[in-house]
Amino acid sequence: MIGKLWAFLHRDLFNEMSYKLSFVLQILGVLPAILLFYFLSVMIGEGNVAALGQYGGEYFPFVLIGIAIQNYQTFALMSFASMMREAQLSGTLEAILVTPVGTAPFLFGSAIYSFVLNSFRIVLYLFLGVVMFDVQYDWSQLPAIVLVLLLTIAASASIGILSASFILLFKKGDPLNWAFNMVSWLLGGVYYPLSVMPEWLQNVSHLIPITHSLEIMRQCLIHGASVWSMSTHVWALALWAFIGLPCSITVFVMAMSRARQQGTLGHY
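Adding 2 to a residue's 1-based position in the sequence shown gives its number in this note's numbering.
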């Protein structure tokens, strides 16, 4: 399994490095986003927003974590569907699926480069915040934070794989990713605290995995809180990961079987 994942990672890394300008631009794209929200935080006025009291009172550290994790989730959602669509258009999907690679190695191997790249982008977001704007984060809970990121990947991947199943069957259009991303932006607490929303929307927001990821990450990095003191959020993420992921893989296998029966694997 690990050997197969490494082979996929090596392939995609080699392919990406052959387009050096594209790779550099992806990394440089982090800086404008950081500057945008830094200047927005200056306009708002640090320490003057009552809703941010439980997050240290400052907007920039709050939103920096939000955009870093939101970017991570977006790529986790999009990677599987875009990989599936690219394989359809290049004519390699059918060839890959008839090899003895296996469904899980194929799915996660095809997306592993995106996860590695965006793990680096998360570090870059936070690093630039610390170096350029003197943001102070508490890293004492780093091992637990890594665990939370892994659960976030698994939770987001469950939706991403369902989206890839949709692409496998219907070729174009991806309403699932669009809807899930939109709901996450609006209700997940990415750009503003949940407390500014009506109570009924706050209740809805707790059904979204990124809500729990952000709460854990912010409390750990801003206050140095223990992950285990937020067990409710950890359990919510774990449910998304350990129930959603197997279910989504099952749906993908069923979609692949149906596409084979219809003879449409190579269609785009």
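By construction, the Cβ of each residue, glycine as well, lies at the ideal position given by its N, Cα and C atoms.
Contact annotation: S215 and V150 have beta-carbon atoms nearer than 8 Å.
A direct Cα-Cα distance of roughly 22 Å separates L241 from S121. Cβ-Cβ distances below 6 Å link A257 to S167, L170, L171 in the same chain, with the five nearest sequence neighbours on each side left out; the list follows chain order.
Counting the other Cβ atoms within 10 Å of the Cβ of P248 gives fewer than 16, which makes it exposed. Boundaries of the alpha helix (DSSP H) harbouring L189: 177-189, taken from the DSSP string.
Around the beta-carbon of V65, 16 or more other beta-carbon atoms lie within 10 Å, marking it buried. In this structure H225 is exposed. Its beta-carbon is surrounded by fewer than 16 other beta-carbon atoms within 10 angstroms. Assignment of I161 by DSSP, reduced to helix, strand and coil, places it in the helix class. Residue environment for L128: buried (at least 16 other C-beta atoms within 10 angstroms of its C-beta). Here the alpha carbons of S228 and I69 stand approximately 22 Å from one another. Distances from the CA of F39 to each of Y61, A53, N183, L196 were compared; the closest alpha carbon is that of Y61. In this structure, I218 places its C-beta atom within 8 Å of the C-beta atom of H235. By the criterion of a C-beta distance shorter than 6 Å, P34 is surrounded by no residue of its chain, once the five residues flanking it on both sides are discounted. When DSSP assignments are scanned along the segment 191-218, the uninterrupted stretches of alpha helix (DSSP H) that are 4 or more residues long and fall wholly within it turn out to be 201-207.
Comparing alpha-carbon positions, the option among W180, P200, Y139, A181 lying closest to Q221 turns out to be Y139.
When the alpha-carbon of S207 is set against those of V255, L223, L188, the nearest one is in L188. In the structure shown, Y40 adopts helical secondary structure according to DSSP, grouped into three states.
Nearest C-alpha to V32 among N73, I147, F244, R260: N73.
Taking the C-beta atoms as reference points, L239 is found nearer than 8 Å to A157. With fewer than 16 neighbouring CB atoms inside 10 Å of its own CB, G55 falls in the exposed class.
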